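Residues in the sequence shown are numbered from 1 upward in steps of one, following full-length UniProt numbering. Even for Gly, the Cβ is constructed at its ideal location relative to N, Cα and C. Small disclaimer: the values here were computed from a predicted structure and weren't measured. Following: one structure in structure tokens, then a few remarks.
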Amino acid sequence: MNKPIYVTQPSLAPLEEVNEYLRQIWESGIMTHNGPLMQRLEKEVSEYEGVPDTICLANGTCAMQLAIRALDLEGEIITTPFTFIATANVIAWERCTPVFVDIDPDTWNIDPDKIEDAISDKTVAVLPVHVFSAPCDVARIQQIAGEHGLKVIYDAAHAMCVKLNGKSIMSYGDVSCTSFHATKLFNTCEGGACFTENKELASRIRKMRFFGFDEMKEIVDDGINAKMTEIAAGLGLANLRYLDEVRKKRRDKYEFYRSLLDSCGFISFQKYDPEEYNYSYMPILFDSEERLLCKLEQLANAKIYPRRYFYPSLNNIELFSHPKLPVANAVAKRIACLPLYNKLSDSSIRTICSVLLENG
Ligand SMILES: *Cc1c(COP(=O)(O)O)cnc(C)c1O
Numbered sequence: 001m002n003k004p005i006y007v008t009q010p011s012l013a014p015l016e017e018v019n020e021y022l023r024q025i026w027e028s029g030i031m032t033h034n035g036p037l038m039q040r041l042e043k044e045v046s047e048y049e050g051v052p053d054t055i056c057l058a059n060g061t062c063a064m065q066l067a068i069r070a071l072d073l074e075g076e077i078i079t080t081p082f083t084f085i086a087t088a089n090v091i092a093w094e095r096c097t098p099v100f101v102d103i104d105p106d107t108w109n110i111d112p113d114k115i116e117d118a119i120s121d122k123t124v125a126v127l128p129v130h131v132f133s134a135p136c137d138v139a140r141i142q143q144i145a146g147e148h149g150l151k152v153i154y155d156a157a158h159a160m161c162v163k164l165n166g167k168s169i170m171s172y173g174d175v176s177c178t179s180f181h182a183t184k185l186f187n188t189c190e191g192g193a194c195f196t197e198n199k200e201l202a203s204r205i206r207k208m209r210f211f212g213f214d215e216m217k218e219i220v221d222d223g224i225n226a227k228m229t230e231i232a233a234g235l236g237l238a239n240l241r242y243l244d245e246v247r248k249k250r251r252d253k254y255e256f257y258r259s260l261l262d263s264c265g266f267i268s269f270q271k272y273d274p275e276e277y278n279y280s281y282m283p284i285l286f287d288s289e290e291r292l293l294c295k296l297e298q299l300a301n302a303k304i305y306p307r308r309y310f311y312p313s314l315n316n317i318e319l320f321s322h323p324k325l326p327v328a329n330a331v332a333k334r335i336a337c338l339p340l341y342n343k344l345s346d347s348s349i350r351t352i353c354s355v356l357l358e359n360g
């Protein structure tokens with residue numbers, strides 16, 4: 001019997017290389033609290049991304065929570081419904097109100113024209129997502145935010161390694177937040193980071209992640225425990241060395257899928273610029289939800305398990321308000337992410353595509 005194929009598998013450095021970091025931790029006895037490995041990871045990620053400062057955190061969700069807190073936001077935050085639940089959760093958890101606006105039908109990112117229509121006297125910020133790593137229209141978003149005095153926080157959970165106009169995507173907005181979760185292109189098992197060029201803000205987030213202590217161990221601000229452990233940082237240091245290779249392999253596999261699926265009449269793809277994309281996902285858009293459900297069933301019969309990302313569009317979830325967002329509703333119903341990870345073989349990709357293409 002064939003082994004099942006799931007949507008993703010973590011990209012992991014060779015175990016010996018991770019062990020070397022574990023050995024250092026066992027030797028020093030330092031497991032957390034702004035430890036040497038986390039400091040080194042912050043430095044190396046900053047160099048890798050080409051940004052002045054990286055603040056490593058326990059996960060990507062708390063990165064966004066700390067960004068909202070550190071900017072003292074209270075009120076409405078405009079965001080996209082076509083995202084993982086965490087994007088909207090953090091807004092509500094921080095006692096702000098998520099206001100969903102519709103997405104662009106081609107890039108699947110927040111539609112800047114719709115942002116302006118949704119601004120009220122309670123709006124304090126915009127929280128767009130670079131969906132599947134395709135950059136948002138950052139210039140337009142910045143212009144709108146500037147005109148209305150809004151803060152911009154990017155959910156860049158999908159977007160490690162992406163450059164836009166020669167600059168890291170992480171350098172846009174007041175703060176960009178990313179995730180180093182096991183399923184992401186770059187992982188520390190659980191982990192995440194904030195990026196900001198605002199030194200004061202960076203320093204505030206650093207204090208907030210550590211109960212509000214400053215460098216002298218005095219309590220000077222609000223705080224919580226959002227620290228990254230040394231074990232996570234060690235795994236990150238080992239994995240970072242392979243990140244270029246990971247991205248390249250995913251790109252090859254993504255392009256191989258495209259060579260097999262491009263002529264299919266009922267599947268289309270996200271609009272992206274090949275040099276501004278990290279190929280961490282293989283999302284496909286079917287012409288109808290019926291077709292998607294039928295194909296998912298045929299694939300499951302072959303023990304292949306793509307995943308619907310992100311379904312349903314969050315404006316349909318009980319917890320939140322329910323504006324009518326026709327594009328997000330129509331797109332979210334018809335997208336599935338096909339398996340994509342470094343060890344996925346070409347023959348598996350061929351099998352997946354032949355199931356997709358057979359019987360129309
Ligand atoms: C993964 C993800 C998050 C959450 O990151 P965690 O590290 O799991 O907390 C937030 N937003 C998006 C779009 C994600 O894909």
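Our contact map puts residue i next to residue j with C-beta atoms below 8 Å; I'd like the distance itself, whole angstroms only.
i           : j      : result
ASN278      : ASN239 : 14 Å between Cβ atoms; not a contact.
ALA193      : THR178 : 5 Å
ALA126      : TRP108 : In the sequence under discussion, the amino acid at residue 126 is Val, which differs from the Ala named in the question. Not really, about 17 Å apart at Cβ, beyond 8 Å.
ASN342      : LYS249 : 5 Å
LEU356      : LYS271 : At roughly 21 Å, the Cβ-Cβ gap does not stay under 8 Å, so LEU356 and LYS271 are not in contact.
ALA336      : PHE82  : With 8 Å as the limit, ALA336 and PHE82 do not qualify as a contact, their Cβ atoms being about 14 Å apart.
LYS184      : SER259 : Not really, about 25 Å apart at Cβ, beyond 8 Å.
MET228      : GLY191 : 5 Å
VAL152      : THR87  : Actually they do not touch by this definition, with Cβ atoms about 14 Å apart.
GLU200      : MET31  : With 8 Å as the limit, GLU200 and MET31 do not qualify as a contact, their Cβ atoms being about 30 Å apart.
residue 421 : VAL7   : As displayed, the chain neither begins before 1 nor continues past 360, which places residue 421 out of reach and without an answer.
PHE310      : PHE84  : 6 Å
GLU276      : LYS163 : 6 Å
ASP72       : PHE195 : Between PHE195 and ASP72 the Cβ distance is about 19 Å, and since that is not below 8 Å, they are no contact.
Here's the rule I'm using: 16 or more other beta-carbon atoms within 10 Å means buried, otherwise exposed. How should residue i be labelled?
i      : result
SER133 : buried
MET170 : buried
ASN315 : buried
ASP346 : exposed
ARG23  : exposed
THR157 : Checking the sequence, you will find Ala at residue 157 rather than Thr. ALA157 is buried by the Cβ-count criterion.
HIS181 : buried
GLY35  : buried
GLN65  : buried
LEU37  : buried
MET160 : buried
PRO4   : exposed
LYS207 : buried
ASP117 : exposed
SER120 : exposed
SER354 : exposed
ILE205 : buried
ARG241 : exposed
GLY50  : exposed
SER168 : buried
GLY265 : exposed
VAL220 : exposed
ARG334 : buried
SER176 : buried
ARG247 : buried
GLY173 : buried
Is residue i close to ligand 2? I mean its beta-carbon at under 7 Å from any heavy atom of the ligand.
i     : result
ALA67 : Summarising the ligand content, the structure contains ligand 1 and does not contain ligand 2.
Report yes or no: is there a C-beta of chain D within less than 8 Å of the C-beta of residue i?
i    : result
VAL7 : The structure shown contains no chain D; it holds only a single protein chain.
Among all residues, which have a Cβ less than 6 Å from at least one non-hydrogen atom of ligand 1, and in what chain order do they fall?
ASN59, GLY60, THR61, THR83, PHE84, ALA86, THR87, VAL129, ASP155, ALA157, HIS158, SER179, HIS181 and GLY192
Should the stretch 198 to 212 be called in touch with the stretch 89 to 108, which here means at least 3 C-beta pairs below 8 Å?
no
Would you call the stretch 61 to 76 in contact with the stretch 241 to 261, where contact means no fewer than 3 C-beta pairs closer than 8 Å?
no
Within the chosen definition, does the stretch 271 to 285 reach the stretch 321 to 329 through at least 3 CB pairs nearer than 8 Å?
no
Answer yes if the stretch 219 to 238 comes into contact with the stretch 13 to 31, meaning at least three C-beta pairs across the two stretches below 8 Å, and no otherwise.
yes
Quick check: the stretch 38 to 57 against the stretch 100 to 120, are there 3 or more CB pairs under 8 Å?
no
Below 8 Å, can you find three or more Cβ-Cβ pairs linking the stretch 37 to 55 to the stretch 133 to 146?
no
Counting Cβ pairs, one atom from each stretch, are 3 or more of them under 8 Å apart for the stretch 67 to 80 and the stretch 297 to 308?
no
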